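First up is the structure itself, then whatever we jot down about it.
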Amino acid sequence: MINFDARLKRLKDRRQGTRELVLLEKGFHSWDTGDYRIRESYEELSESPGVRYAIGSMSAVNPESTKVSINEGNRVSDTLISMLKTEGIGATKRIQGSVALDIHIEGHSDVDMLIICEDTILVQTPKLDGSTCYAADNRPMVEIIAELRNKSEQKLTTRYYETDVDCTNSKSISLVGGSLKRKVDIVPSCWYHTHDYQRSRQERDIGIKIYHKKEHRLLGNFPFKHIARVNDKDTQYSGNLKKVIRLLKNLVADMPDYKKGKAKKLTSYDLAGIAYHMDQRLNVPSYMPLALVEQTRDFLSLLNASETYRNTLTVPDDTRKIFDDESKKEALEIITKEVEDLAYSIFRELRPLSQVYDGSVIESKVI
């Protein structure tokens, strides 16, 4: 049986920060015994601890906390773009990752910001309109973005001298501490005008090439297609896709370390892809949200049982298979067991005298 009281405490700490952190942020004395964190709607439910944990795990983080993350990402990015301009480098910004999709599970979540070279772009050839490409800068694109990375490191290290600026990561420059309220990851990159983008002129179809510092090469990425497709399907199913993604991420976060290390072979990106393929299983009424727990349990059981079907699944932007590594099979088994334990534990709360699990009990529970 899951210890839901302990889970609920970790969930609250994750979503709002620990009581001690909030005391520090609000300027109160460390010996103050008060808890000044807000009580969220899931905490006010007149339901069992397991039900409250499941509902809370599916819920979006407080919008005010998310706004702080976005504002900090924009603040650092805008400052960097202005400093790069003094070096004759034109750049723009875009947000990517969990915060962009509102599927992050931490109130003090870090934010991913793309810093995109605007002076030169990569174009998939031949161009669909038949025109010729000309570039003012004839260096290889990898050299141009390497310079963007180097200049960004210099500018950020100088400007944010009271902040821990970590330039060792291959794909990003991380800033944490000092005047920043959130960790910010800066990702130097360039535009990639694919044939799809040339055809549609919609940003969802444009590609991004991220600079890999250690390997000195560009890596393809389609963050806007991922964001658009997840948002579209989430809207189609009344917010239920993102609820399942958050649920899976919270379950992994609450695992003991010996499980978590293996479960994280399926990344947050992979978990979003798995939930994305639930399709009609996401079609549950808003007043029966626990049905998503049972539908997730059933879908993960199917993935475990059918290797053929499992191996057909791609991430939302269709760039790769979700299960592209053997270690992800073990990760799936661990996460499936976690969802099963959650479903069975909630069932026991709702039907304490029942001996045989009945998923319809959870599915029909009105909240």
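So for the sequence shown, our numbering puts the first residue at 31; every next one is plus one.
Think of the CB as a built atom: it goes at the ideal place given N, C-alpha and C, for glycine as much as any other residue.
None of these values were measured; they are calculated from a predicted model.
Check: Jot down the residue ranges of each uninterrupted beta strand (DSSP E) in the stretch 224-261, minimum 3 residues, whole runs only, in chain order.; Outcome: 237-242 and 247-251
Check: Using 10 angstroms around the beta-carbon of Glu102, count the other beta-carbons present and answer buried if the total reaches 16, otherwise exposed.; Outcome: buried
Check: Evaluate Cys163 with the Cβ neighbour count: other Cβ atoms within 10 Å of its Cβ, from every protein chain shown; 16 or more gives buried, anything less gives exposed.; Outcome: exposed
Check: Measuring CA to CA, which of Thr366, His307 and Lys295 is closest to Asp355?; Outcome: Lys295
Check: So Tyr299 and Val345 are in contact, right, with Cβ under 8 Å, and what is the actual spacing, rounded?; Outcome: 6 Å
Check: Quick check: the stretch 263-282 against the stretch 315-322, are at least 3 beta-carbon pairs closer than 8 Å?; Outcome: yes
Check: Between which two residues does the beta strand (DSSP E) carrying Thr122 extend?; Outcome: Ala121 to Gln126
Check: Do you know offhand how far Arg311's Cα is from Asn104's?; Outcome: 36 Å
Check: Nearest-angstrom Cα distance between Ser27 and Asp140?; Outcome: Only positions 31 to 397 of the chain appear in this structure, which leaves residue 27 out of reach.
Check: Is it a yes or a no for the stretch 159-173 touching the stretch 251-270, going by three-plus beta-carbon pairs under 8 Å?; Outcome: no
Check: Applying the 10 Å Cβ sphere with the 16-neighbour rule, what's the burial state of Ser112?; Outcome: exposed
Check: At the level of alpha carbons, what is the spacing between Glu173 and Asn180?; Outcome: 10 Å
Check: When you compare the CB positions of Lys157 and Gln232, do they come within less than 8 Å of one another, or not?; Outcome: no
Check: Under 7 Å Cβ to Cβ from Gly47, same chain only, skipping five residues before and after it: list those, please.; Outcome: Gly137 and His138
Check: Is it true that the stretch 64-73 meets the stretch 357-368, where meeting means three or more beta-carbon pairs spaced less than 8 Å apart?; Outcome: no
Check: Enumerated in chain order, which unbroken segments of the alpha helix (DSSP H) with a length of 4 residues or greater are wholly contained in the stretch 256-344?; Outcome: 270-283, 287-293, 298-306, 321-335 and 337-340
Check: Just how far apart, CA to CA, sit Val391 and His134?; Outcome: 29 Å
Check: When burial is assigned at 16 or more other CB atoms within 10 Å of the CB, is Ile398 buried or exposed?; Outcome: The chain is shown from 31 up to 397; residue 398 falls before or after that span and cannot be answered.
Check: Below 8 Å, can you find three or more Cβ-Cβ pairs linking the stretch 190-200 to the stretch 114-134?; Outcome: no
Check: So, with DSSP's three-state summary, where would you put Ile364?; Outcome: helix
Check: Lys351 by DSSP, collapsed to three states: which one?; Outcome: strand
Check: Quick one, are the C-beta atoms of Ile146 and Ala176 less than 8 Å apart?; Outcome: no
Check: Nearest CA to the CA of Tyr190: which residue from Ser200, Leu205, Leu333 and Leu178?; Outcome: Leu205
Check: Are the CB atoms of Glu393 and Met318 within a distance shorter than 8 Å?; Outcome: yes
Check: Under the three-state reduction of DSSP, which class applies to Ser219: helix, strand or coil?; Outcome: strand
Check: Assign Ile119 to one of two classes, buried (16 or more other C-beta atoms within 10 Å of its C-beta) or exposed (fewer than that).; Outcome: buried
Check: In this structure, how does DSSP classify Ser204 when only helix, strand and coil are distinguished?; Outcome: strand
Check: Could you please give the first and the last residue of the uninterrupted alpha helix (DSSP H) stretch that includes Thr96?; Outcome: Pro93 to Lys115
Check: So Ile151 and Ser182 are supposed to be a Cβ contact under 8 Å. How far apart are they, rounded?; Outcome: Actually they are not in contact, since the Cβ atoms of Ile151 and Ser182 sit about 18 Å apart, beyond 8 Å.
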